[in-house]
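Novice: Let me begin by handing over the structure; questions about it come next.
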Amino acid sequence: MALNLSDKKKPLVSETRRRSPKAVFLDSLQSQISLLDDPSYKISRYRYTDHEDDNGKTARKKKLIAATPRKWWWQEEDGTFMLELRYGSSYTLEIEAGKSSIICGPSESDVREVLEQVIKMVENGQLDKQIADCKEKARRRVKA
Numbered sequence: 048m049a050l051n052l053s054d055k056k057k058p059l060v061s062e063t064r065r066r067s068p069k070a071v072f073l074d075s076l077q078s079q080i081s082l083l084d085d086p087s088y089k090i091s092r093y094r095y096t097d098h099e100d101d102n103g104k105t106a107r108k109k110k111l112i113a114a115t116p117r118k119w120w121w122q123e124e125d126g127t128f129m130l131e132l133r134y135g136s137s138y139t140l141e142i143e144a145g146k147s148s149i150i151c152g153p154s155e156s157d158v159r160e161v162l163e164q165v166i167k168m169v170e171n172g173q174l175d176k177q178i179a180d181c182k183e184k185a186r187r188r189v190k191a
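Just so we're aligned: the sequence shown equals residues 48 to 191 in the numbering used here.
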């Protein structure tokens with residue numbers, strides 16, 4: 048019996064656990080829809096806090112908390128709802144260069160429709176480049 052050889056290597060644990068940027072962005076979009084449906088919606092996050100032990104040494108500990116996500120939408124003075132797509136907390140995803148917000152309409156249901164349309168665009172791969180650009184910006188910030 049002949050051996051079937053391959054050049055593939057076993058992926059690192061960190062590579063298999065890490066979610067794709069596309070999946071992260073889709074989860075964020077779903078969180079925004081849930082927040083529209085229920086203003087008291089919360090997501091579970093880990094926060095690191097400093098704790099002092101019996102010896103007086105401080106150590107950082109991971110704690111699970113429930114937090115309300117920040118809204119991506121707002122209402123202008125004329126009553127129009129606007130939406131700004133975000134990757135993480137610091138980066139705005141621009142569908143077209145220089146245009147960071149989307150005009151939704153006069154009601155929150157219009158915001159929901161726009162979010163659902165963006166989800167379809169992400170699933171179809173139309174925003175892959177923009178998501179990758181935001182991920183790269185976030186990566187550079189962490190390394191710097």
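Just so it is clear, CB atoms sit at the ideal spot from N, CA and C, and this is done for glycine as well.
In chain order, what residues of the same chain have a beta carbon less than 8 Å from the beta carbon of ARG187, not counting five sequence neighbours either side?
Specialist: For ARG187, where only same-chain residues beyond five positions count, there are no Cβ hits under 8 Å.
Novice: In chain order, what residues of the same chain lie with their CB nearer than 8 Å to the CB of LYS110, ignoring the 5 residues before and after it?
Specialist: Cβ neighbours of LYS110 beyond the five flanking positions: TYR93, ARG94, TYR95, THR96.
Novice: Checking the sheet assignment: what are the DSSP bridge partners for GLY152?
Specialist: Answer by DSSP bridge pairing, in chain order: PHE128.
Novice: Residues in its own chain within less than 8 Å of LEU82 by CB, not counting five upstream and five downstream?
Specialist: Closer than 8 Å at Cβ, skipping near neighbours: TYR88, THR115, PRO116, LYS118.
Novice: Tell me whether ARG92 sits in a helix, a strand or coil according to DSSP, three-state version.
Specialist: Three-state result, ARG92: strand.
Novice: Which two residues bound the contiguous beta strand (DSSP E) that contains LYS104?
Specialist: Where LYS104 is concerned, there is no enclosing beta strand (DSSP E), given that its DSSP letter is neither H nor E.
Novice: With DSSP run on the structure shown, which of helix, strand or coil describes ARG186?
Specialist: Reduced to three states, the DSSP call for ARG186 is helix.
Novice: Under a three-way DSSP split, which group does ALA70 fall into?
Specialist: Helix.
Novice: Here's the rule I'm using: 16 or more other beta-carbon atoms within 10 Å means buried, otherwise exposed. How should GLN79 be labelled?
Specialist: Its Cβ being crowded by 16 or more others within 10 Å, GLN79 is buried.
Novice: Count the C-beta pairs between the segment 119-130 and the segment 141-153 that are closer than 8 Å, then say yes if the count reaches three, no if not.
Specialist: Judged by Cβ distances under 8 Å, the segment 119-130 makes contact with the segment 141-153, as three or more pairs qualify.
Novice: Take GLU141 and list the residues in its own chain whose beta-carbon comes closer than 7 Å to its own, dropping the five residues that flank it on each side.
Specialist: Answer for GLU141: SER147, GLN177, listed in chain order.
Novice: Any idea which residues DSSP pairs GLN122 with across the strands?
Specialist: PHE128.
Novice: Go ahead and pull the three-state DSSP assignment for LYS176.
Specialist: The answer is helix: DSSP assigns LYS176 an H, G or I state.
Novice: Is it buried or exposed, PRO68, if we count other Cβ atoms within 10 angstroms and call 16 or more buried?
Specialist: Counting Cβ neighbours within 10 Å, PRO68 comes out buried, since at least 16 surround it.
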